[in-house]
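Colleague: Can you read through this structure? Questions will come right after.
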Amino acid sequence: MDESQTESVSGSDLPYEVKVARAAVIAKPMASKKLAKRLCKLIKKASKQKMQLRSGLKLVQSKIRKGETGLAVMAGSVSPIDIISHLPSVCEDKNIPYVWIPTGRDLGTAMGVKRSTLVVLIKPHADYQQLYDECWEEVKGLPPPPAIE
Numbered sequence: 186m187d188e189s190q191t192e193s194v195s196g197s198d199l200p201y202e203v204k205v206a207r208a209a210v211i212a213k214p215m216a217s218k219k220l221a222k223r224l225c226k227l228i229k230k231a232s233k234q235k236m237q238l239r240s241g242l243k244l245v246q247s248k249i250r251k252g253e254t255g256l257a258v259m260a261g262s263v264s265p266i267d268i269i270s271h272l273p274s275v276c277e278d279k280n281i282p283y284v285w286i287p288t289g290r291d292l293g294t295a296m297g298v299k300r301s302t303l304v305v306l307i308k309p310h311a312d313y314q315q316l317y318d319e320c321w322e323e324v325k326g327l328p329p330p331p332a333i334e
């Protein structure tokens, strides 16, 4: 398989709407295309600052439980979804806003690595504070996930 075939199998060239349709059912609130683009830009800026971006489920979960705050961005393409399904409730308990984007590959690409990742925690920093505040407000304004009865 050459590189162009690998790209289409991985789904990186798919339209945003198709990626959203392939995401897990529990991935709510899902970021709009515009918000996802801004979050990726924020992740890219945060990855250039030392210790301002936490990535990976185990690290993010431990840092949240130890009291770190920030903005959590999760991948909706996780399979099986049980791996990450507990994290939204952990974020809600600690009053950390969270949002889902369609794929982990988008998160990894934004961080500047070739691998996908499940979740990132973005901490505020003076170099990108304005973009962080805009994303924070937009994520806080998203409708909460529907309650399970």
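If you're matching positions, the sequence shown starts at 186 in this note's numbering and goes up one per residue.
Ideal Cβ positions, reconstructed from N, Cα and C, are used throughout, including at glycine.
Keep in mind the model is a prediction, meaning the values are calculated, not measured.
I need the DSSP call for Leu-199, collapsed to helix, strand or coil.
Modeller: Correct three-state label for Leu-199: coil.
Colleague: Check whether the segment 322 to 330 and the segment 248 to 255 are in contact - that is, three or more C-beta pairs closer than 8 angstroms.
Modeller: Flag = no, the segment 322 to 330 and the segment 248 to 255 do not touch.
Colleague: Using the beta-carbon count (16 or more within 10 Å), is Leu-303 buried or exposed?
Modeller: Looking at its Cβ environment, which holds 16 or more other Cβ atoms inside 10 Å, Leu-303 is buried.
Colleague: Helix, strand or coil for Ala-208, going by three-state DSSP, please let me know.
Modeller: In this structure, Ala-208 counts as coil in the three-state DSSP scheme.
Colleague: Assign Pro-328 to buried or exposed, taking buried as 16 or more other Cβ atoms, counted over all protein chains shown, within 10 Å of its Cβ.
Modeller: Exposed.
Colleague: Taking its Cβ as the centre, do 16 or more other Cβ atoms sit within 10 Å of Cys-210, making it buried, or is it exposed?
Modeller: The sequence shown places Val at residue 210, not Cys. Result: exposed.
Colleague: What separation, rounded to the nearest whole angstrom, lies between the Cα atoms of Met-259 and Leu-292?
Modeller: Approximately 8 angstroms between the Cα atoms of the pair.
Colleague: Go ahead and label Ile-268 buried or exposed: buried means 16 or more other beta carbons lie within 10 angstroms of its beta carbon, across all protein chains shown.
Modeller: It is exposed - the Cβ of Ile-268 has fewer than 16 other Cβ atoms within 10 Å.
Colleague: Leaving out five residues before and five after Ser-301 in sequence, what residues of the same chain have Cβ atoms less than 6 angstroms from its Cβ?
Modeller: Counting only Cβ-Cβ distances below 6 angstroms, and skipping sequence neighbours, we find Gly-289, Arg-290, Gly-293.
Colleague: Distance, Cα to Cα, Leu-244 vs Asp-278?
Modeller: Leu-244 and Asp-278: Cα-Cα distance of roughly 17 angstroms.
Colleague: DSSP on Met-296, reduced to helix/strand/coil?
Modeller: Three-state result, Met-296: helix.
Colleague: What is the DSSP secondary structure of Met-186, counted as helix, strand or coil?
Modeller: With a pLDDT of only 40 at Met-186, under 50, the local geometry of the prediction cannot be trusted, and the value read off the model is given with reservation. It is coil, neither helix nor strand.
Colleague: Leaving out five residues on either side along the sequence, give the residues of the same chain with a beta carbon under 6 angstroms from the beta carbon of Gly-297.
Modeller: Ser-232.
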